[in-house]
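These protein sequence lines are chains A and B, in that order. Okay, so the first sequence: first residue is 2 according to this note's numbering, each after it adds one. Okay, so the second sequence: first residue is 2 according to this note's numbering, each after it adds one. For reference, the structure is listed below as structure tokens.
2 protein chains.
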Amino acid sequence: MTPEKNKIGSLPAVRRLPTYLHLLRSFSESGREMVSSTHIAEKLKIEPIQVRKDLAITGIEGKPKVGYYIPALIDAIETFLGWNNTTDAFLVGVGNLGSALLGYEGFRKHGLKIVAAFDADDSRVGQVIGDVEVLPIHKLSDLAMRMHVPMGVIAVPAESAQSVADAMVLGGIQAIWNFAPRSLDVPDGVVVQNEDLASGLAVLSVKLARTREIRETAGTMLPAGNGG
Amino acid sequence: MTPEKNKIGSLPAVRRLPTYLHLLRSFSESGREMVSSTHIAEKLKIEPIQVRKDLAITGIEGKPKVGYYIPALIDAIETFLGWNNTTDAFLVGVGNLGSALLGYEGFRKHGLKIVAAFDADDSRVGQVIGDVEVLPIHKLSDLAMRMHVPMGVIAVPAESAQSVADAMVLGGIQAIWNFAPRSLDVPDGVVVQNEDLASGLAVLSVKLARTREIRETAGTMLPAGNGG
Numbered sequence: 002m003t004p005e006k007n008k009i010g011s012l013p014a015v016r017r018l019p020t021y022l023h024l025l026r027s028f029s030e031s032g033r034e035m036v037s038s039t040h041i042a043e044k045l046k047i048e049p050i051q052v053r054k055d056l057a058i059t060g061i062e063g064k065p066k067v068g069y070y071i072p073a074l075i076d077a078i079e080t081f082l083g084w085n086n087t088t089d090a091f092l093v094g095v096g097n098l099g100s101a102l103l104g105y106e107g108f109r110k111h112g113l114k115i116v117a118a119f120d121a122d123d124s125r126v127g128q129v130i131g132d133v134e135v136l137p138i139h140k141l142s143d144l145a146m147r148m149h150v151p152m153g154v155i156a157v158p159a160e161s162a163q164s165v166a167d168a169m170v171l172g173g174i175q176a177i178w179n180f181a182p183r184s185l186d187v188p189d190g191v192v193v194q195n196e197d198l199a200s201g202l203a204v205l206s207v208k209l210a211r212t213r214e215i216r217e218t219a220g221t222m223l224p225a226g227n228g229g
Numbered sequence: 002m003t004p005e006k007n008k009i010g011s012l013p014a015v016r017r018l019p020t021y022l023h024l025l026r027s028f029s030e031s032g033r034e035m036v037s038s039t040h041i042a043e044k045l046k047i048e049p050i051q052v053r054k055d056l057a058i059t060g061i062e063g064k065p066k067v068g069y070y071i072p073a074l075i076d077a078i079e080t081f082l083g084w085n086n087t088t089d090a091f092l093v094g095v096g097n098l099g100s101a102l103l104g105y106e107g108f109r110k111h112g113l114k115i116v117a118a119f120d121a122d123d124s125r126v127g128q129v130i131g132d133v134e135v136l137p138i139h140k141l142s143d144l145a146m147r148m149h150v151p152m153g154v155i156a157v158p159a160e161s162a163q164s165v166a167d168a169m170v171l172g173g174i175q176a177i178w179n180f181a182p183r184s185l186d187v188p189d190g191v192v193v194q195n196e197d198l199a200s201g202l203a204v205l206s207v208k209l210a211r212t213r214e215i216r217e218t219a220g221t222m223l224p225a226g227n228g229g
């Protein structure tokens with residue numbers, strides 16, 4: 002079975018692929034060769050049918066009673082995500098978050114190489130953060146064009162994000178990973194992925210509130226002394 | 002209509018609520034009072050029906066031809082997420098990512114207050130990062146218990162994440178926001194939200210590959226000179 006060329010797979014499944022990769026790599030490092038969807042499901046606390054559906058988007062299916070051959074599955078996921086090739090990226094904004102992203106070594110494993118960083122603040126220009134020199138923002142479009150950089154990472158405050166996106170588009174950047182908390186206007190053919198740390202916090206907040214409700218309800222029925 | 006007490010709403014909808022909040026707050030700052038679901042949908046590039054369904058989980062419905070009263074909608078979202086109250090949290094691991102999270106002022110707006118940070122590295126203990134002192138990791142359980150801290154943020158490498166989670170659970174922490182790239186084993190009643198920056202990158206990588214395919218296919222059919 003080959004992956005369907007005209008589908009990108011459901012986005013929630015794509016979002017989960019890195020989690021499968023982490024797990025499969027840790028199996029691989031411990032010398033394991035085969036794994037069943039049931040075992041993956043247990044480890045990740047999801048349903049086995051979900052595992053099989055998610056992994057099928059890479060074109061790989063497990064064999065009944067045998068499961069997946071781990072090296073082939075890792076390879077299929079990396080190929081599907083394009084992470085076996087390196088994509089060059091520019092990062093804009095080297096404040097707290099931008100610096101953390103520059104220092105995050107995991108991105109190389111995911112095929113992302115940040116080749117230059119930019120900032121509008123002159124006091125930051127010239128700094129070297131994790132191998133990369135910080136350049137003045139006005140050089141971005143020109144350099145992106147000359148270096149054929151396909152991806153841009155935006156880590157500036159909301160109010161500057163659109164002008165940074167415009168400069169990226171002008172430089173021919175085709176994919177923008179946006180950490181600023183606002184949506185961007187870009188022309189057709191440029192893809193944007195909005196990353197909002199508050200999204201995960203929202204889910205956790207709601208889960209916590211729900212747990213507390215259950216606990217309080219249950220608590221009224223518990224015998225005294227159980228709380229010590 | 003009141004929110005249904007026994008539902009937490011669909012998780013994708015909950016994930017999108019912060020995005021609505023950002024937008025509504027920016028409307029509110031510019032003096033606007035009413036907004037239609039169509040206008041919100043245009044700004045966020047999603048379908049109006051999706052907007053109405055997402056916002057309905059907060060218990061608020063827009064009025065036909067009038068839309069939503071913005072202050073009430075902001076209030077409903079914040080109440081639904083529990084962000085009108087502050088939740089105290091401990092953060093563990095003050096490397097690149099942990100430091101960035103400590104320095105991120107947006108969390109206060111989202112009702113999250115990091116009250117202490119911890120690290121296993123003695124050279125980091127005693128540092129002050131964004132108002133918070135870094136304490137030795139062995140003090141975590143005891144302090145969490147005494148201060149009744151409900152939430153923990155894990156920003157340590159994968160190999161240390163489970164032991165940090167164990168210490169949090171021992172200290173009575175009920176909700177864990179996990180930035181380490183591995184899943185955690187926790188007892189029933191403790192909720193975990195895994196945050197993997199690679200997930201967003203996976204989606205963006207797949208979208209970029211898809212765009213390039215379309216561009217290459219279209220490119221073969223374009224008249225010469227269109228690329229200048």
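Yeah, the Cβ is synthetic: ideal placement off N, Cα and C, and Gly gets one too.
Distance CB(residue i)-CB(residue j) smaller than 8 Å
| i | j | result |
| --- | --- | --- |
| residue 87/A | residue 114/A | yes |
| residue 65/A | residue 29/A | no |
| residue 138/B | residue 204/B | no |
| residue 52/B | residue 31/B | no |
| residue 168/B | residue 141/B | yes |
Burial state of residue i, where buried means 16 or more other Cβ atoms lie within 10 Å
| i | result |
| --- | --- |
| residue 67/B | exposed |
| residue 50/B | exposed |
| residue 85/B | exposed |
| residue 124/B | exposed |
| residue 171/A | exposed |
| residue 129/B | exposed |
| residue 215/A | exposed |
| residue 127/A | exposed |
| residue 99/B | buried |
| residue 218/A | exposed |
| residue 224/A | Reliability fails at residue 224/A, whose pLDDT of 48 lies under 50, so the model's placement of it is uncertain and no value is given. |
Closest by C-alpha distance to residue i, when choosing among the options
| i | options | result |
| --- | --- | --- |
| residue 60/B | 215/B, 81/B, 148/B, 31/B | 81/B |
| residue 145/A | 176/A, 159/A, 131/A | 176/A |
| residue 154/A | 147/A, 89/A, 24/A | 89/A |
| residue 121/A | 131/A, 135/A, 129/A, 130/A | 135/A |
| residue 41/B | 24/B, 141/B, 70/B | 24/B |
| residue 178/A | 156/A, 186/A, 189/A, 168/A | 156/A |
| residue 143/A | 33/A, 22/A, 48/A, 117/A | 117/A |
| residue 132/B | 96/B, 105/B, 141/B, 219/B | 105/B |
| residue 19/B | 219/A, 184/A, 210/A | 184/A |
| residue 34/A | 70/A, 126/A, 48/A | 70/A |
| residue 174/A | 36/B, 174/B, 213/B | 213/B |
| residue 119/B | 97/B, 107/B, 98/B, 91/B | 91/B |
| residue 22/B | 187/B, 194/B, 188/B, 107/B | 107/B |
Beta-carbon separation (whole angstroms), residue i vs residue j, contact threshold 8 Å
| i | j | result |
| --- | --- | --- |
| residue 208/B | residue 192/A | 4 Å |
| residue 181/A | residue 151/A | Contact flag wrong, Cβ pair sits at about 20 Å. |
| residue 206/A | residue 190/B | Not confirmed; about 16 Å, so no contact. |
Worksheet item: Is it true that the region 75-84 of chain B meets the region 153-167 of chain B, where meeting means three or more beta-carbon pairs spaced less than 8 Å apart?
Response: Remark: fewer than three beta-carbon pairs, one from each stretch, lie closer than 8 Å, so the region 75-84 of chain B and the region 153-167 of chain B are not flagged as touching.
Worksheet item: Quick one: any contact between the region 46-63 of chain A and the region 12-20 of chain A, if contact means 3 or more CB pairs under 8 Å?
Response: Cβ pair count under 8 Å is three or more, so yes.
Fill in: contact_flag[the region 108-125 of chain A, the region 186-203 of chain B] where n(CB pairs < 8 Å) is 3 or more
In the pairwise beta carbon analysis, the region 108-125 of chain A is classified as touching the region 186-203 of chain B: at least three pairs are separated by under 8 Å.
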